[in-house]
Each structure stands twice: as structure tokens, then as C-alpha cells.
Amino acid sequence: MKLIRTALATLVCAVAATGASAQGFPERELSGIIQWGAGGATDVVSRALTPGAEEALGKKIVLQNKPGGVGAIATNYIQQQASDGYTLLFGAENPQLHPILGISDLDYSKFYPVNIVGRGNVLVVTTPNKPWKTFKDLLADAQANPGKIKQASTGTGGLPFTVGSMISTVAKFPVTSVPFDGDGPGVTALLGGHVDLMFVGAGAAAEHIKAGRLKALAAIDSQPFGDVPPITTDLPGLGKYLPWGPFYGVFVKKDTPDAAKAKLTAAFKKAVDDPKFKELMVARGNVVMNLSGPEAEAFLKKWQSVTAWTYQEVGVAKKNPADLGIAKP
């Protein structure tokens with residue numbers, strides 16, 4: 138009996154100490170793990186956001202890039218760390234598709250979304266010498282000449298593939314996909330006349346559009362992007378998938394103490410609200426979202442649902458979304 142009382146007393150003290158530690162959070166510097174390599178979009182956004190969060194927390198956040206496995210290496214690393222809020226994941230959208238593609242069992246449902254910072258705008262771009270003035274023109278041409286029009290792609294699971302798949306679920310879109318090793322090579326091929334169109338993040342196309350080297354036919358949204366009309370003007374059926382786009386977020390393990398979660402959420406909300414950070418996001422073609430808690434979780438679930446079921450419909454899903462508990466949109 139004495140042994141049991143001693144064990145219970147030790148447990149109570151440990152719980153009390155954990156609670157007290159969380160209340161005083163953070164008491165030391167934090168670690169931030171960036172899911173992608175240096176210089177990429179996730180890296181740029183993460184490093185621009187961090188100083189504001191550091192100021193709000195009063196502690197340094199030491200950033201480290203851990204790329205690989207389409208984001209799985211960083212996600213698995215975070216899952217193996219202590220649930221104390223001192224190790225943050227700066228991630229993009231990819232883990233939401235890991236279960237459906239058979240890459241990993243971990244998606245963002247296993248983490249707490251401190252902040253969904255923003256999402257990228259996606260544009261349908263082509264070159265000025267093409268006759269299409271609207272996406273409707275492009276769609277009609279593709280349907281009249283199946284296989285003739287070439288679309289730059291970045292492979293199965295990439296942004297161009299996903300958008301093209303979404304379109305193909307609501308309209309015939311018989312274009313020929315030509316794979317490249319990323320947005321940069323794809324845009325270069327488009328500029329060189331080797332392909333005819335590309336679905337690409339606004340940040341990667343903005344300077345070419347300003348210089349007149351590319352023209353944007355539509356934004357993959359239900360709202361216009363500047364003077365670029367929304368694709369729903371010509372393809373209303375796509376509205377069920379929107380808003381959609383690559384996104385950036387900050388996450389911790391789900392069982393992190395509530396007090397630590399609250400302080401991190403408040404700090405990153407303030408950091409995202411900083412005018413200089415917002416200016417950078419807009420300049421790179423992003424939409425600032427600044428979501429946390431239930432709103433963030435609802436966004437993540439919808440994004441996963443529409444993308445996973447699109448993959449299922451076009452036949453590239455390794456696992457049925459229904460078997461993973463992913464609701465159909």
C-alpha cells in the first residue's frame with residue numbers, strides 16, 4: 138500500500154510540474170523544422186514569419202530544413218519529439234495526401250494547427266501568341282482537338298496534375314501532359330514554346346505576366362485574382378472544389394499542453410497580422426488566411442477531402458479515401 142501511495146504521489150507531482158511548465162511556456166528557445174529545402178516557397182514564408190512569432194513569445198526559434206519524402210521526413214521527425222510545444226513543424230499541404238498515396242500514415246489530423254498561414258493562388262497561364270482569351274476558349278479548343286494541346290506538369294501528385302484532374306471530373310479536358318522536374322522548368326518550357334499551357338502558382342508566374350511574356354486566362358478560385366477572372370466564370374462546376382491551392386502552416390503535436398498551444402497560437406496570429414509579412418505574402422501571390430483552432434481544422438479537412446477524392450476518381454489513389462475515413466465532398 139505504501140508503495141502505491143508513493144507511486145501516486147510521484148505521478149501527481151509529475152502532472153503538476155508539467156502543468157506549471159506549460160503555464161510558464163516558453164522557458165527556453167524553440168526549434169522550428171521546415172518541411173522543404175532552403176530557398177523554396179515554404180522556406181521563404183517560414184523564415185519571414187518567424188521573427189514576429191519570436192518577438193511575441195520572447196524566445197528564439199531556431200529553424201532547420203529537413204526536406205525529403207515529399208514532406209514525410211520532417212513530419213515523422215516532429216511526431217517523434219516530446220509533446221511540449223518546443224518543436225514546431227513549418228509545413229505545406231503535402232502530408233494531407235500521404236495516406237491516400239501510401240507515403241505515410243501521418244497527416245495533419247495527427248497534429249494541432251497552430252496557424253494556417255495562407256494559401257497560394259493558382260493561375261492558368263499561356264503565352265501571348267496563343268489565340269485563347271479565356272479559359273472557355275482553351276477548353277473548347279482542347280475538346281475540338283483532343284491530345285493536340287500540351288500541358289506542362291510536375292508529375293502525379295503535383296499542382297498541375299491535381300488541378301487538371303479536378304477539371305477533368307467536371308468537363309472533358311483532353312490535353313497531353315508533359316512532365317518536368319518542377320515549376321521552374323515547366324515555365325521555362327512554356328516560354329520556349331515547348332508546351333502550350335500550365336497551371337502554376339501565381340508567385341512563379343507573376344514577373345513573367347508583368348513583363349508580358351505570359352498571360353493568365355483564369356485563377357483557380359471562385360474569386361478574381363487582381364484582374365484575372367475566376368475559373369468558375371467559365372467552369373461553374375469546379376466551384377465545389379474551391380478554395381484550393383498549396384498552403385503553409387505551423388503545427389505541433391496534438392497532445393501538446395493547452396497552455397503551450399494557446400501561447401503559440403496567439404504568437405503566430407500576431408506574426409501573420411504583421412503588415413510587412415502580409416505585404417510579402419501578397420507580393421508572392423498568396424492569400425493570407427491566419428486560421429487556427431476549429432477554422433483551421435475545417436480548412437484542412439475540406440482540402441484533403443476534395444483532393445483525395447479527385448485522385449480516387451482519376452485512378453491514382455493508392456488507398457480508397459473512404460477506407461481512411463475521408464468524407465466525400
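With the first letter of the sequence shown counted as 1, position 319 gets the number 456 in this note's numbering; the numbers rise by one all the way through.
Just so it is clear, CB atoms sit at the ideal spot from N, CA and C, and this is done for glycine as well.
On a Cα-Cα basis, can you pick out the residue from the options that is closest to residue i?
i      : options                           : result
Tyr304 : Leu328, Val261 and Arg421         : For clarity, residue 304 is Ile in the given sequence; the question names Tyr instead. Comparing Cα-Cα distances from Ile304 to each of Leu328, Val261 and Arg421, the minimum goes to Val261.
Asp411 : Lys347, His345, Lys270 and Ala190 : Ala190
Ala93  : Phe227, Gln233, Gly284 and Glu192 : The structure shown does not extend to residue 93, since the chain spans only 138 to 466, so no value can be given for it.
Ile346 : Lys285, Thr263 and Trp440         : Thr263
Thr306 : Gly206, Val315, Gly363 and Leu375 : Leu375
Asp320 : Phe336, Phe310 and Ser314         : Phe336
Ala397 : Thr212, Tyr223 and Gly208         : Tyr223
Pro383 : Leu351, Pro367, Ala341 and Val409 : Ala341
Gln441 : Tyr378, Glu164, Ser314 and Val387 : Tyr378
Gly208 : Lys196, Ser241, Gly195 and Gln218 : Ser241
Val419 : Val453, Gln449 and Phe362         : Phe362
Leu328 : Gly228, Leu351 and Ala308         : Leu351
Thr369 : Ala326, Ala308, Glu416 and Asn427 : Ala308
Leaving out the 5 sequence neighbours to the left and right, which residues in its chain are closer than 6 Å to residue i when beta-carbon positions are compared?
i      : result
Ala175 : Asn202
Ala403 : none
Phe298 : Ser290
Lys139 : Reliability fails at Lys139, whose pLDDT of 48 lies under 50, so the model's placement of it is uncertain and no value is given.
Residues in the same chain with beta-carbon distance under 7 Å from residue i, minus the five sequence neighbours each way, listed in chain order, please.
i      : result
Val365 : Leu260, Ala353, Ala355 and Ala356
Leu200 : Gly169, Ile171, Ser183, Arg184 and Thr187
Pro120 : The displayed coordinates of the chain run from 138 to 466. Any statement about residue 120 would go beyond what the structure contains.
Leu401 : Gly222, Val251 and Val389
Asn457 : Gln449
Hey, residue i and residue j: beta-carbon distance below 8 Å or not?
i      : j      : result
Asn252 : Phe405 : yes
Leu334 : Gln288 : yes
Ile286 : Val312 : yes
Thr212 : Leu167 : no
Ala193 : Ala408 : yes
Lys270 : Asp371 : no
Ile237 : Ala454 : yes
Phe248 : Leu225 : no
Gly349 : Pro268 : no
Which whole-angstrom value is the C-beta distance of residue i and residue j, which I expect to be below 8 Å?
i      : j      : result
Gly338 : Gly255 : Incorrect: roughly 12 Å between the Cβ atoms, too far for contact.
Thr393 : Asp221 : 7 Å
Ala343 : Gly422 : 6 Å
Val443 : Trp381 : 6 Å
Threshold first: 4 residues or longer. Then list the alpha helix (DSSP H) segments lying entirely within the stretch 215-300, N to C.
235-238 and 272-281
Give the list of continuous beta strand (DSSP E) stretches no shorter than 3 residues that lie fully inside the stretch 349-377.
352-356
Which runs of the beta strand (DSSP E), 3 residues or longer, sit entirely within the stretch 309-333?
313-316
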